Amino acid sequence: VEGLTRGMALELGKYNIRVNSVCPTFVETPMVKAFFKNKKFKQQMLDNIPLGRAAQENDVSTAVAFLAANSSNSITGTSLMVDGGWTAK
Numbered sequence: 002v003e004g005l006t007r008g009m010a011l012e013l014g015k016y017n018i019r020v021n022s023v024c025p026t027f028v029e030t031p032m033v034k035a036f037f038k039n040k041k042f043k044q045q046m047l048d049n050i051p052l053g054r055a056a057q058e059n060d061v062s063t064a065v066a067f068l069a070a071n072s073s074n075s076i077t078g079t080s081l082m083v084d085g086g087w088t089a090k
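Residue numbers for the sequence shown follow our numbering, beginning at 2 and rising by one.
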């Protein structure tokens with residue numbers, strides 16, 4: 002996805018089209034909440050996230066809204082990680 006994002010940004014920039022992607026990793030959705038009932042599993046997951054919490058659905062939608070807004074009009078070819086720092090490790 003990241004390579005596709007960069008390639009499309011390079012190709013479509015001449016048409017003033019911005020291409021970005023949002024890359025969530027572990028988002029606390031209703032499906033994940035079922036897994037979080039297992040306290041050991043939940044703690045293992047949270048121990049791998051520097052912020053110590055799973056992303057929420059709103060965190061992902063806010064990132065998408067930001068990239069779609071004019072406030073990000075100079076951002077293209079970027080993959081925005083919404084993961085509490087998981088992939089920074």
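Every residue gets a Cβ at the ideal spot worked out from N, C-alpha and C, and that includes glycine.
Quick caveat, the model's predicted, so the values are computed rather than measured.
Rounded to the nearest angstrom, how far is the Cβ of residue i from that of residue j, given a contact under 8 Å?
i     : j     : result
Thr6  : Asn21 : 6 Å
Ala66 : Leu81 : That belief does not hold up - the Cβ atoms of Ala66 and Leu81 are roughly 11 Å apart, past 8 Å.
Val28 : Gln57 : 7 Å
Does DSSP put residue i in a helix, in a strand, or in coil?
i     : result
Ser80 : strand
Ser73 : helix
Val23 : strand
Val2  : coil
Ala64 : helix
Ala55 : coil
Please identify the residue among the options whose C-alpha is closest to the C-alpha of residue i.
i     : options             : result
Leu13 : Asp84, Thr77, Lys41 : Thr77
What does a CB cutoff of less than 8 Å around residue i pick up in its chain, not counting 5 residues either side in sequence?
i     : result
Asp60 : Pro25, Val28, Val83
Residue i: beta carbon under 8 Å from a heavy atom of the ligand ATP?
i    : result
Val2 : The ligand content of the structure shown is nil, which means the ligand ATP is not present either.
Could you tell me whether the region 46-53 touches the region 61-79, using the rule of 3 or more Cβ pairs below 8 Å?
-> no
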